[in-house]
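**Q** Mind having a look at this structure? Questions to follow.
2 protein chains.
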Amino acid sequence: MASETATTALAHSALATDIDFLAVKAFTTGTRIANRSLESHGLRVRSYSVLAITCGEVPVTQRDLAEFLALDPSQIVSLVDELESAGLVKREVDPADRRSRVVRATKRGRDRFAAARGAIAEAERESLATLDGAERAELLRLLRKLVFGPEDAPSAGT
Amino acid sequence: MASETATTALAHSALATDIDFLAVKAFTTGTRIANRSLESHGLRVRSYSVLAITCGEVPVTQRDLAEFLALDPSQIVSLVDELESAGLVKREVDPADRRSRVVRATKRGRDRFAAARGAIAEAERESLATLDGAERAELLRLLRKLVFGPEDAPSAGT
DNA sequence: TATTGTTATACTCTATAACTATA
DNA sequence: TATAGTTATAGAGTATAACAATA
Numbered sequence: 001m002a003s004e005t006a007t008t009a010l011a012h013s014a015l016a017t018d019i020d021f022l023a024v025k026a027f028t029t030g031t032r033i034a035n036r037s038l039e040s041h042g043l044r045v046r047s048y049s050v051l052a053i054t055c056g057e058v059p060v061t062q063r064d065l066a067e068f069l070a071l072d073p074s075q076i077v078s079l080v081d082e083l084e085s086a087g088l089v090k091r092e093v094d095p096a097d098r099r100s101r102v103v104r105a106t107k108r109g110r111d112r113f114a115a116a117r118g119a120i121a122e123a124e125r126e127s128l129a130t131l132d133g134a135e136r137a138e139l140l141r142l143l144r145k146l147v148f149g150p151e152d153a154p155s156a157g158t
Numbered sequence: 001m002a003s004e005t006a007t008t009a010l011a012h013s014a015l016a017t018d019i020d021f022l023a024v025k026a027f028t029t030g031t032r033i034a035n036r037s038l039e040s041h042g043l044r045v046r047s048y049s050v051l052a053i054t055c056g057e058v059p060v061t062q063r064d065l066a067e068f069l070a071l072d073p074s075q076i077v078s079l080v081d082e083l084e085s086a087g088l089v090k091r092e093v094d095p096a097d098r099r100s101r102v103v104r105a106t107k108r109g110r111d112r113f114a115a116a117r118g119a120i121a122e123a124e125r126e127s128l129a130t131l132d133g134a135e136r137a138e139l140l141r142l143l144r145k146l147v148f149g150p151e152d153a154p155s156a157g158t
């Protein structure tokens with residue numbers, strides 16, 4: 001069977017020990033699943049990410065969003081445009097600095113997020129099905145250290 | 001500072017415990033670094049991946065490549081076109097099934113791969129700098145289990 | 001002079017559908 | 001009829017550059 005040949009070839013190639021390659025392979029599949037799950041909520045992973053952050057307690061500007069999503073400010077514009085025209089977030093001029101726009105989720109946005117969050121959790125269960133609970137926890141810990149750094153890593157919480 | 005606000009907001013959002021989100025964030029950065037490292041070798045991560053596999057001992061068809069890179073066969077066509085016109089791989093008609101093309105690295109392709117592999121290793125060191133050796137090993141183990149499954153995972157080797 | 005948001009553009013990646021040649 | 005490879009196309013993501021309003 002071709003698929004057996006494929007797996008064999010991959011397992012014997014240099015890529016089998018390339019963390020970046022394996023990660024991209026695993027998580028592009030994860031993104032695909034997540035995008036399908038979000039489709040019925042009118043979102044994709046990127047717009048979901050923006051919505052999730054604006055649903056938090058800390059007020060954020062578009063510049064803030066660009067920074068930690070590691071996207072160019074111009075990309076944030078279209079994401080916020082999209083969410084705003086759907087009535088999920090609104091832009092507010094920052095009185096302290098009238099160049100800045102603080103982006104906040106509306107009531108409707110928070111409701112949408114709550115529903116979409118369930119879809120994301122389900123997608124994650126699917127894409128991480130081969131890992132047990134302890135392994136997922138460890139994977140989460142390693143990723144947090146990668147993203148937030150050794151010190152800044154927020155505690156895992158409850 | 002805005003960047004502190006950004007990290008704080010992210011750490012307090014629902015995304016801080018979303019494995020897929022954190023993984024995508026961590027490894028799109030990794031891909032960016034890897035692409036820059038490969039630039040001087042005339043490759044990108046996707047063409048590097050194809051080249052890496054065709055440098056392995058197991059002969060692979062384009063269909064095989066599509067399968068384990070999780071790309072559409074039509075995307076493989078342009079990747080192989082690109083590598084072939086650079087003289088790094090060549091297509092051979094499979095005598096057993098003349099529909100299939102076996103893709104093999106040329107001598108030049110293997111040399112290029114050897115050089116590029118060093119660049120990839122360097123990029124990986126950079127993108128995983130916050131993890132120590134044991135953590136990288138564990139991350140690799142978890143990713144292999146995700147990609148190859150619990151049984152098919154090739155042994156980590158030396 | 002520097003920064004926030006915006007518009008514009010080009011290139012890469014992702015996702016499908018249809019076609020050809022072989023089986 | 002089914003499969004391997006190919007061509008074509010449209011939409012999403014990535015990367016830059018330039019501009020207006022504000023600091």
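From first to last, the protein sequence lines are chains U and R. Using this note's numbering, you'd call the opening residue of the first sequence number 1 and step up by one each time. Using this note's numbering, you'd call the opening residue of the second sequence number 1 and step up by one each time. A virtual CB, placed ideally from N, CA and C, is assigned to each residue, including glycine.
#1: Quick check: the Cα distance between U/M1 and R/L71, rounded to an integer number of angstroms?
#2: Name the chain U residues whose beta carbon is nearer than 9 angstroms to that of R/A14?
#3: U/T8 CB to nearest chain R CB: under 7 angstroms?
#4: If we ignore side chains and look at the alpha-carbon of each, how far apart do R/E82 and R/R44 end up?
#5: Hey, out of U/S100, U/S40, U/T7, U/G133, whose CA is closest to U/F113's CA?
#6: Would you tell me roughly how many angstroms separate the C-alpha atoms of U/A9 and R/G56, rounded to the nearest one?
#7: Kindly provide the ranges of any beta strand (DSSP E) runs that are 3 or more residues long and lie completely inside the region 36–117 of chain R, ordered along the chain.
#8: Just to confirm, are R/L142 and R/R136 a CB contact at a threshold of 7 angstroms?
#9: The region 73–95 of chain R: which residues have C-beta closer than 7 angstroms to a C-beta of chain U, in chain order?
#10: U/Q62: buried (16+ other C-beta within 10 angstroms of its C-beta) or exposed?
#11: Alpha carbon to alpha carbon, how far is R/A119 from R/T31? Give it in angstroms, no decimals.
#12: Give me the Cα-Cα distance between R/V89 and R/L131, rounded to the nearest whole angstrom.
#13: What are the residues in the region 17–31 of chain U lying within 9 angstroms of chain R by C-beta distance?
#14: Interface residues of chain R around U/G149 at Cβ under 7 angstroms?
**A** Walking through what the data contain:
#1: Only weak support exists for where U/M1 lies, its pLDDT of 42 falling under 50; the value from the coordinates is given anyway. Looking at the two C-alpha atoms, the distance is approximately 18 angstroms.
#2: A52, I53, C55, G56, F113, R117, I120
#3: yes
#4: 11 angstroms
#5: U/S40
#6: 7 angstroms
#7: 89–93, 101–105
#8: no
#9: The residues in question: there are none.
#10: buried
#11: Pairing R/T31 with R/A119, the inter-Cα distance amounts to about 12 angstroms.
#12: 35 angstroms
#13: T17, D18, I19, D20, F21, L22, A23, V24, K25, A26, F27, T28, T29, G30, T31
#14: Within 7 angstroms Cβ-Cβ: T130.
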